[in-house]
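Read through the structure below, which is laid out as structure tokens, and then see the notes.
Protein chains: 2
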Amino acid sequence: MSYFRNEIDEMQGYTPGEQPRDRRYIKLNTNENPYPPSPNVASLIKNFDSETLRLYPDPVFCELRKKIASLFCLAENEILVGNGSDDILTMAVRSFAGPGRKIASFTPSYSLYSVLSKIQGAQYEEIPLDAQNGFSLPANFAEKVADAALLFVCRPNAPTGNCFPLGAMDRLCDACRGIVLIDEAYADFADDNCIGFPRRHRNAIVMKTLSKSYSLAGLRLGFSIASAEIIAGMMKVKDSYNVSTLAQRIAVAALDDRRYFDETVSKIRRTRSKLIASLRGKGFKVFDSQSNFVFASPPDGDAAGLYRRLKSEGVLVRHFPGASTGAYIRITVGTDIETDSLLNLL
Amino acid sequence: MSYFRNEIDEMQGYTPGEQPRDRRYIKLNTNENPYPPSPNVASLIKNFDSETLRLYPDPVFCELRKKIASLFCLAENEILVGNGSDDILTMAVRSFAGPGRKIASFTPSYSLYSVLSKIQGAQYEEIPLDAQNGFSLPANFAEKVADAALLFVCRPNAPTGNCFPLGAMDRLCDACRGIVLIDEAYADFADDNCIGFPRRHRNAIVMKTLSKSYSLAGLRLGFSIASAEIIAGMMKVKDSYNVSTLAQRIAVAALDDRRYFDETVSKIRRTRSKLIASLRGKGFKVFDSQSNFVFASPPDGDAAGLYRRLKSEGVLVRHFPGASTGAYIRITVGTDIETDSLLNLL
Chain L
24 MSYFRNEIDE
34 MQGYTPGEQP
44 RDRRYIKLNT
54 NENPYPPSPN
64 VASLIKNFDS
74 ETLRLYPDPV
84 FCELRKKIAS
94 LFCLAENEIL
104 VGNGSDDILT
114 MAVRSFAGPG
124 RKIASFTPSY
134 SLYSVLSKIQ
144 GAQYEEIPLD
154 AQNGFSLPAN
164 FAEKVADAAL
174 LFVCRPNAPT
184 GNCFPLGAMD
194 RLCDACRGIV
204 LIDEAYADFA
214 DDNCIGFPRR
224 HRNAIVMKTL
234 SKSYSLAGLR
244 LGFSIASAEI
254 IAGMMKVKDS
264 YNVSTLAQRI
274 AVAALDDRRY
284 FDETVSKIRR
294 TRSKLIASLR
304 GKGFKVFDSQ
314 SNFVFASPPD
324 GDAAGLYRRL
334 KSEGVLVRHF
344 PGASTGAYIR
354 ITVGTDIETD
364 SLLNLL
Chain C
24 MSYFRNEIDE
34 MQGYTPGEQP
44 RDRRYIKLNT
54 NENPYPPSPN
64 VASLIKNFDS
74 ETLRLYPDPV
84 FCELRKKIAS
94 LFCLAENEIL
104 VGNGSDDILT
114 MAVRSFAGPG
124 RKIASFTPSY
134 SLYSVLSKIQ
144 GAQYEEIPLD
154 AQNGFSLPAN
164 FAEKVADAAL
174 LFVCRPNAPT
184 GNCFPLGAMD
194 RLCDACRGIV
204 LIDEAYADFA
214 DDNCIGFPRR
224 HRNAIVMKTL
234 SKSYSLAGLR
244 LGFSIASAEI
254 IAGMMKVKDS
264 YNVSTLAQRI
274 AVAALDDRRY
284 FDETVSKIRR
294 TRSKLIASLR
304 GKGFKVFDSQ
314 SNFVFASPPD
324 GDAAGLYRRL
334 KSEGVLVRHF
344 PGASTGAYIR
354 ITVGTDIETD
364 SLLNLL
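Taken in sequence, the protein lines are chains L and C.
Be aware that the first sequence starts at 24, since it is given in my numbering, and climbs by one per residue.
Be aware that the second sequence starts at 24, since it is given in my numbering, and climbs by one per residue.
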């Protein structure tokens, strides 16, 4: 006899990207930022008084919420902070979905959405993107999302890298009777974003992370923006002390350094353009990308073989088996030197 | 119309202890450790290379699990690490309980257990402790816990500070058909513990935290010990990257410093004895405590009034209104100086 709920026994856990320790790789597989975090972070850590760790952290993140609010011209009660944005996804699933309350997301997308749905025992519907049209929204998307209690939309989408048009995002929010959670993990690398959506759609939540554009994947810091009413409800669901004192302070320091952020994002966008052009020059089919990775299909279509060959040469990229994604590899945009090493191998 | 599940709309969130910022208090209300964390922690932070935060943390905590395994003579796959032990309580509720799968706990105890049950939509049964007999287990405890899918037992119990006898703990594990999660947040201050239980009870999980005895409440680091089978199932439920790189490294550094840990715990136990004796000398009814706090009822029984008077004098303690707890205040064991300040006021 198992002690676990059936849903847990029957499911597989989420599979994170490889973090191998057997040798040094050029690591272009988990969309980490190739540049270090802001020097503000190093200096904050160096001068951090460890005795403050004796006390519980601020459960409502006053200083950090103030900083985020001022950056995005929001009120503090429109902001929720999580132990990484995965923590916020978990809160959302527990707040809005469950047996009889359906979760929907497009596919391919971030595979954690389906794992979290299974854990919660919610019905889960995958709505296929139009793979023939650059993984755009399917024609009937509005009717498909109508009855979801919680719709996850990753924008820019992973692993495809494209952004659905802002007008279509508005129509998604209008069409869905439940919450639309717009996962903007990669939006700092895009030309536009949905940060204004919660002010004009009562059901919109926008989620951001410091993992990618702020180079702080190891810190675990995500936040979401929504109406004060939605944030207040989600606060009841979060673990009381879900973000450590160190993480709150480091996040403030990182968010403070606008110049470093702008420079880093610009560098990655420049390298992305070069990478896409070079891959196309080598006969790859490559989608335009609005994120810090590129989704590319090799000329012979053997993406799995290419993934393996690159790994044996010391370059890690990611391959997602499956009908719509199996012909592609996802390449994180690294430094120019890392990108050149990859291109030389191809 | 609300977007939230009914359970969320209808519930109140957990109320953490006060963290006031209006003035400096002698803070004896949230069971924080009065001493700083080990000097190892300060030195690790000072020398921490912030660039490592660029990469995701180890999702399976190899180094930290190795350290915990060696401390407690366990295998690494018998250990799970959480973002504070609240994170592990949340994982347990999501793994084992839900509609049709009951959660039980004794009362009074840690009030988060009932909040988590409500969020999960599980039936929740509170089993009253015997308040007339020092908050000991009620006579019929074995039959009461039989049908729980998940039983929370806080040992030493909070806010009462007592330990249920080890023999009774064995009988609880035998009697319960589900998981028995033994919350040992305070066990490092006690004379004994249940660390050996998972090896002799298939359904036992023992949970520990670095918040109290290691003086790291601000870090958020808890861990649990159970059979490899139970740990593997709970790993599917946890957020993939639930513990930051910094938290993992700091935890290893803190756990490594046995001498500092032993000294700190001894000091707190000594101060606890003095505090209990002095309170009894002043006519308080005080239970023996196995934790880093003391549960005490003033001679006139007006605990709420005493809490308010102490607060106005700059000393924070905690008062839990309610039939069984309302006549008591819970006092965290501080430094000798803090304790003397409190005693002088009484």
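Heads up, the beta-carbon is just placed ideally off N, CA and C, and yes, glycines get one too.
Close to chain L, meaning a Cβ-Cβ distance shorter than 8 Å, are the following residues of the segment 240 to 256 of chain C: Ala240, Gly241, Leu242, Arg243, Ile253 and Gly256.
Contact between Arg178/L and Phe187/L is confirmed by a C-beta separation of about 6 Å, below the 8 Å threshold.
Every unbroken stretch of the alpha helix (DSSP H) spanning 4 or more residues and falling wholly within the segment 125 to 157 of chain L is given here in chain order: 135 to 143. Minimum Cα-Cα distance from Val83/C among the listed residues Tyr330/C, Arg77/C, Ser93/C and Glu101/C corresponds to Glu101/C.
Excluding residues up to 5 positions away in sequence, Arg88, Lys89 and Ala92 lie with their Cβ nearer than 7 Å to the Cβ of Glu99/L in the same chain.
Counting along the chain, Ile218/C sits inside no alpha helix (DSSP H), nor does DSSP assign it H or E at all.
Against Thr53/C, the close residues of chain L are Leu78 and Tyr79, in the order they occur along the chain (beta-carbon pairs closer than 9 Å). Residues Val340, Arg341, His342 and Ile352 of the same chain have their beta carbon placed closer than 8 Å to that of Tyr330/L, with the five preceding and five following residues left out of the count. In summary, Ile360/C is exposed, with fewer than 16 beta-carbon neighbours lying within 10 Å of its beta-carbon over all protein chains present. Secondary structure of Leu160/L (DSSP, three-state): coil.
Under the Cβ distance rule, Ala198/L does not count among the residues neighbouring chain C, no pair being separated by less than 8 Å. Within the same chain, Lys305 come within 6 Å of Leu369/L by CB-CB distance, once the 5 residues on both sides are set aside. The Cβ of Met230/C sits no closer than 8 Å to any Cβ of chain L. A residue is called buried when at least 16 other Cβ atoms come within 10 angstroms of its Cβ; Lys69/C does not meet this threshold and is exposed.
Just measuring C-alpha positions, the residue of Arg282/L, Ala120/L, Asn156/L and Phe284/L sitting nearest Glu148/L is Ala120/L. In this structure, Ser238/C places its C-beta atom within 8 Å of the C-beta atom of Thr287/C. Cα atoms of Asp311/L and Ile150/L: separation of roughly 22 Å, rounded to the nearest angstrom. In the DSSP secondary-structure assignment, Thr355/L is bridged to Phe316/L.
Close to chain C, meaning a Cβ-Cβ distance shorter than 7 Å, are the following residues of the segment 260 to 293 of chain L: Val260, Asp262, Ser263, Tyr264, Asn265, Ser267, Thr268, Leu269 and Ala270. In the DSSP assignment, Leu87/C falls within the alpha helix (DSSP H) that extends over Cys85 to Phe95. With 16 or more other Cβ atoms from the protein chains shown falling within 10 Å of its own Cβ, Arg124/L counts as buried.
Within chain L, the residues placing a beta-carbon under 7 Å from that of Lys69/C are Lys69, ordered along the chain.
Looking from the CA of Val203/C, the closest CA among Asn54/C, Val168/C and Leu298/C belongs to Val168/C. Contact between Ser335/C and Ala326/C does not hold, since the beta-carbon distance rounds to 15 Å and is not under 8 Å. Closest by C-alpha distance to Arg46/C, out of Val338/C, Phe318/C, Thr348/C and Leu366/C, is Val338/C. In chain order, Gly105, Asn106 and Asp110 place their CB closer than 7 Å to the CB of Asn265/C, counting only its own chain and leaving out the 5 sequence neighbours on each side. If you check the CB distance, Ser66/L and Ala277/L do not come in under 8 Å.
Against chain C, a Cβ distance below 7 Å from Tyr209/L picks out nothing, because the smallest value is about 15 Å. Residue-level contact by beta carbon fails for Asn100/L and chain C, as no gap is shorter than 8 Å.
Residue state for Phe307/L is assigned as coil, using DSSP reduced to three classes. Chain-ordered listing is empty here: chain C has no CB closer than 9 Å to the CB of Met192/L, the nearest sitting near 18 Å. Per DSSP, Val260/C lies in no beta strand (DSSP E); the unbroken alpha helix (DSSP H) holding it starts and ends at Ala251 to Val260. Not flagged as an interface residue toward chain C: Tyr133/L, since no C-beta distance is shorter than 8 Å. Identification of chain L residues near Ala65/C by a Cβ-Cβ cut-off of 7 Å yields Ser73, ordered along the chain. Using a 10 angstroms sphere on the CB of Cys217/L, the tally of other CB atoms reaches 16 or more, which defines it as buried. When the alpha-carbon of Tyr209/C is set against those of Phe27/C, Asn185/C and Ser25/C, the nearest one is in Asn185/C.
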